[in-house]
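Colleague:
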Amino acid sequence: MSESAIDRAELLLEAGRPEDAECEARASLLAQPDDGHAHGILARALVMQGRGEEAVAAAREALEHDPEDEASLLVLALALSLTGDLQDAESAIRHGIAVDPENAALHQWLAEILMQTDRSAEASRSASEARALAPHDPDAAAAYAHALMLQGRTDDAEHAAREALAIDPENDRAHHILGLVGLNRGDSDEALAGFREALRLDPTDESAREGLVLALKARHPVYAQVLRFFLWQARLPRQAQWALLIAPFVIGRAIRTVHNDAIFFPLALVFIGLIVLTWAADPVMTLALLATREGRLVVSRDSRVAAALFGGFIAVAVAAAIVGAAYDPHLFIVTFGFVVFALGAGNVDGLPQKRRKVVYAAAVALVLVAVVQTAIIVAGGGYHAQVVPAVVLILGAAASLWYVRLAS
Amino acid sequence: MDEATLATLREALALSPDNVPLREHLAATLLEAGRAGEAETEYREALTRGAGTGAQLGLARAFFALGKLREAGVLVEALAENEPNNAGAQLLLARIVLNDGRPDEARERYTRAVQLDASLSDPDLAAALAAGEAKRERVPAHAYAGDEDEADAVETVAAERPRITFDDVGGMDEVKEEIRMKIVHPFTQPELFAAYGKAPGGGILLYGPPGCGKTHIARATAGEISATFIAVGIDEVLSMWMGESEQQLHETFERARRAAPCVLFVDEVDAIGAKRHDVRHGPMRQLVNQFLVELDGIKTANEGVLILAATNAPWAVDDALRRPGRFDRVVFIPPPDEQARVAILHLHLAERPTSEIDLESIARKTKGFSGADLAAVVDRAVEAKLRDSMQARVPLPLETRDLEAALKSARPTTAEWMQTARSYALHANEAGTYDDVLAYLERR
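Just so you know, the protein sequences line up as chains A and B, in that order.
The first sequence begins at 1 in this note's numbering and counts up one residue at a time.
The second sequence begins at 1 in this note's numbering and counts up one residue at a time.
1. What is the DSSP secondary structure of B/Arg35, counted as helix, strand or coil?
2. Spatial neighbours of B/Lys214 within its chain, please: C-beta separation below 7 Å, excluding the five flanking residues on both sides.
3. Do you know how far the Cα of B/Asn312 is from the Cα of B/Glu430?
4. Could you check how far apart the C-beta atoms of A/Ala306 and A/Val276 are, in whole angstroms? I think they sit under 8 Å.
5. Report the three-state DSSP secondary structure of B/Phe63 (helix, strand or coil).
6. 8 Å is my cut-off, CB to CB: does A/Pro18 come that close to chain B?
7. Helix, strand or coil: which one does DSSP assign to B/Glu148?
8. Would you report the Cα separation of B/Tyr440 and B/Val330, rounded to the nearest angstrom?
9. Quick one: which chain A residues come within Cβ less than 7 Å of B/Asp266?
10. Give a yes or no on whether the C-beta atoms belonging to A/Gly273 and A/Phe264 are separated by under 8 Å.
11. Give the interface partners of A/Arg200 over in chain B, defined as CB-CB distance under 7 Å, in chain order.
12. Between the C-alpha atoms of B/Asp270 and B/Ile183, what's the straight-line distance to the nearest angstrom?
13. Which residue wins for smallest C-alpha separation from B/Gly304, given the options B/Glu236, B/Asp402, B/Leu66 and B/Thr228?
14. Pairing CB atoms from the stretch 104–116 of chain A with CB atoms from the stretch 68–88 of chain A, are three or more of them under 8 Å?
15. The beta strand (DSSP E) spanning B/Leu308 covers which residue range?
16. Please state if the CB of A/Ala191 and the CB of A/Ala215 are separated by a distance shorter than 8 Å.
17. Under 8 Å between C-beta atoms, does A/Leu30 make it to chain B?
18. Among all the DSSP beta bridges, which residues are the ones paired with B/Tyr207?
19. Tell me, please, whether the CB atom of A/Ile275 is closer than 8 Å to any CB atom in chain B?
20. Is there at least one Cβ from chain A nearer than 8 Å to B/Met418's Cβ?
21. Taking 8 Å as the threshold (beta carbon to beta carbon), is A/Ala27 in contact with chain B?
22. DSSP on B/Ala231, reduced to helix/strand/coil?
23. Give me the Cα-Cα distance between B/Ala72 and B/Ala78, rounded to the nearest whole angstrom.
24. Which word fits B/Glu442, buried or exposed, when buried means at least 16 other C-beta atoms lie within 10 angstroms of its C-beta?
25. Closest to A/Phe249 by CA distance: which of A/Leu406, A/Phe271, A/Ala27 and A/Arg44 is it?
26. Any beta-carbon of chain B closer than 8 Å to the one on A/Leu192?
27. How many angstroms separate the CA atom of B/Ile453 from the CA atom of B/Pro395?
28. List the residues of chain B that A/Ala15 touches, going by C-beta distances under 7 Å, in chain order.
29. A/Lys354: buried (16+ other C-beta within 10 angstroms of its C-beta) or exposed?
30. Can you list, in chain order, the residues of its chain with a C-beta nearer than 8 Å to that of A/Gly396? Leave out the 5 residues immediately preceding and following it.
31. Tell me, to the nearest whole angstrom, how far the beta carbon of A/Ile394 is from that of A/Leu331; I am working on the premise that it is less than 8 Å.
32. Does the distance from the C-beta atom of A/Val226 to that of A/Thr278 stay below 8 Å?
33. Could you tell me which of B/Glu246, B/Ala14 and B/Thr41 sits nearest to B/Val293, measuring between CA atoms?
34. Got a sec? Which residues, its chain only, sit under 6 Å from A/Asp202 by beta carbon, not counting five neighbours each side?
35. Which value, in whole angstroms, describes the spacing of the CA atoms of B/Ile357 and B/Ala128?
36. For a contact defined as C-beta to C-beta under 9 Å, what are the partners of A/Glu170 on chain B?
Here is the structure:
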């Protein structure tokens, strides 16, 4: 690649114009197809455009000309990350570190990959290395803070984030970490300040927006405690999370086997209350947020849909309870089924897009079953006529709840 | 060259695909026959099979013929660097740089090419170089006051006197009114503005989704006040004067000052005036600093120079650019409104066979479409109609339903931009920069 073309392409990358840089690099490669540096620049331009597969090919081409070039190894790792191949990305980065152990950028990107693969302890070691090698780099400090946060080391994470901000007060990631620190401590003011600043600096940061929504909800002390529980639970190993889910049933069973109902029933009530609270907290708080201007602006469309489903089913359940109390207690079955379903539907925004459709379909089906059930009750149908739709209603609602829990 | 010869060459190549000289011969023949696209394919193939500099030059020529000037330039520049005595490369480079508006360099290259190989002499090119003509339409030198050197300097700039005015810009009444107050009236009624201590000048930053007419309205602004219009973008600054970007930016401003009254339009200003916080590279930072110096007119007053800038990413523009005296007015150019969409559709359908088309109805159905989106809809409808016409063997006129059919597979490309802008408007709306975006979103 001619020197002027190299400069031009690099300046264009710096100017945030990867498409133009790609064009320069490709044209130059036509003249000199064996220029490894040009392939490297092309790979960078493609990474910046999010074109992972092509970037991988260009980076590999660059490495064919210089297999030990750490810049090309780094860009290969970034390209592989884009394609989701984190294992090969990690190998490329480790190769780069073997070539140049004092390259802070390589250590930092290794930390990023390790964080993506849930290896936060290793990630914090790599980020710490990057921090030591580049003590004036705010991004390295912020990455270290992030890794510490994922380990649950809140105080250390805060310290590292503040160090990043001392170097660059406009480091959005460091502000984001301070928001997470606030959430973990149940300090909604600190969380709000952190996420608001992170969003001011990068308004396209979706996770900061979600953090802001959580921080707004966490202004309510009960929700703050529910959230702390979830955040604590999320940091547990997978097996421990399953154990936590199953433990109440095992304990309940154990208590029942000794026939101690005086203990079992109050405990069961408390447990069910807590379950309902954890399920209902999110959609209830979303509905509350939607009553405020800021809430309406920051709550995502998906969360609105979930909250609307929750609100709609609860409203019908309450109506059925009132009518049932006044006219026919058989309608309580609709109340019960809709409440159970609402708890799941209210959290449907935590599901991948495709799986939500199952819940939406279940919502339509349950409404139809409830209409049939109500018609049978109004028509004076007997026990045998009511039992099938009632069972379908209850089992369908319970199945939906479990589906949401397991698919989240 | 007739088809039979080409077919024979292709047949021979099919039998020995690795015959590089034969492939180059085919490519050259195609290029000579004006089939540059096919020539490009063959030259590329030849290069992948190990062809030498002859194929590189041929490919560059094919690019040039196809109007891919950047690709042609990069390719032939590298060739000329490696082989300074390659006469063909020097000649092609002369054509490219002339097209770029650098007649001096073009003259130099052409002279060298002819010195190396007298048979390359091209009377047309020589005449163009002698007259100092560039291919782009330029303002005649006599339009400027000053000495000949100045006129010559202006000659190298892509300057023009636009004939369009605000009457040619459909809709966008608020935007036009804002620009009138800031730029047009201070020029047409200087006494009134002087009485209030307002001198003409200053800058306006136009921002909005791509393809919505920012450049068009900037050009119309120049036409409105009969001013010269000079457009500059990062490509010109970086590509044409590599290593001297700041100097070149300065010279562009100087030319605008000499050509006053002049509208200097800085396209994609987020590249030249990127946030210095995000720019770590020395040269880019220097370029931003130079831009600030020029806007302030520290060394030479910018009197009579109206600076309009456009960007799709106002959030990437350095905050310092928005300080008073620089781009102190920020104007949102939204996707065209209904009236503007009617005008755009009318423009694109002009000179095409049409029957009674209900433009208002199509405009109502294309909310959020950019000008470029509307052009694509018309294109798609025309393609479908062409197919029908070929089957029917008679030219059929475009009808409303053709456009409606084309609309079925069309989506406004402004949606993604609007989503990003919404995020900035919600979370980073210091000093109300994005109030117009919020107002637009609320109106939708």
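Positions of the beta carbon are idealized from the N, C-alpha and C atoms, including for glycine.
Modeller: According to the data block:
1. Secondary structure of B/Arg35 (DSSP, three-state): coil.
2. Cβ neighbours of B/Lys214 beyond the five flanking positions: Leu206, Gly208, Ala310 and Ile333.
3. Between B/Glu430 and B/Asn312, the C-alpha separation is close to 18 Å.
4. Beta-carbon to beta-carbon, A/Ala306 and A/Val276 are separated by about 16 Å, too far to satisfy the 8 Å threshold.
5. Looking at B/Phe63 - three-state DSSP - the assignment turns out to be helix.
6. The beta carbon of A/Pro18 sits no closer than 8 Å to any beta carbon of chain B.
7. Annotation note: pLDDT 36 at B/Glu148 (below 50); position unreliable, no value reported.
8. When rounded, the distance between both Cα atoms is 15 Å.
9. First, the amino acid is wrong: residue 266 of chain B is Val here, not Asp. The premise fails here: B/Val266 is roughly 13 Å from chain A at the closest Cβ pair, so nothing lies under 7 Å.
10. Cβ distance not < 8 Å, so A/Gly273 and A/Phe264 don't count as in contact.
11. Simply His427 and Ala428.
12. Inter-residue distance for B/Asp270 and B/Ile183 is about 22 Å (C-alpha atoms, whole angstroms).
13. Here the closest residue by C-alpha is B/Thr228.
14. Under the three-pair Cβ rule at 8 Å, the stretch 104–116 of chain A counts as touching the stretch 68–88 of chain A.
15. Per DSSP, B/Leu308 is one residue of the beta strand (DSSP E) stretching across Val305 to Thr311.
16. Here A/Ala215 is near A/Ala191, since their CB atoms are less than 8 Å apart.
17. With 8 Å as the cut-off, A/Leu30 counts as an interface residue toward chain B.
18. According to DSSP, which records beta bridges pairwise, B/Tyr207 is partnered with B/Thr311 and B/Phe332.
19. No, no contact with chain B.
20. Put simply, the CB of B/Met418 is far from chain A, with every gap to its CB atoms at 8 Å or more.
21. It does; some Cβ of chain B falls within 8 Å.
22. Reduced to three states, the DSSP call for B/Ala231 is strand.
23. Distance between the alpha carbons of B/Ala72 and B/Ala78: 10 Å.
24. By the 16-neighbour rule on beta-carbons within 10 angstroms, B/Glu442 is exposed.
25. Closest by alpha carbon: A/Phe271.
26. So no, A/Leu192 is outside the interface.
27. There is simply no residue 453 of chain B to check, as chain B begins at 1 and stops at 444 in what is shown.
28. Within chain B, the C-beta atoms nearer than 7 Å to that of A/Ala15 come from Ile234, Ala271, Ala274 and Met284, in chain order.
29. Counting Cβ neighbours within 10 Å, A/Lys354 comes out exposed, since fewer than 16 surround it.
30. Once the five neighbours on either side are set aside, the close Cβ partners of A/Gly396 are Gly337, Phe341, Ala362, Ala365, Leu366 and Val369.
31. Actually they do not touch by this definition, with Cβ atoms about 14 Å apart.
32. Result yes, Cβ atoms of A/Val226 and A/Thr278 sit closer than 8 Å.
33. Across the set B/Glu246, B/Ala14 and B/Thr41, the C-alpha of B/Glu246 shows the shortest separation from the C-alpha of B/Val293.
34. Counting only Cβ-Cβ distances below 6 Å, and skipping sequence neighbours, we find Asp172.
35. In a straight line, the C-alpha of B/Ile357 is about 46 Å away from that of B/Ala128.
36. Taking a Cβ-Cβ cut-off of 9 Å, the neighbours of A/Glu170 in chain B comprise His277, given in sequence order.
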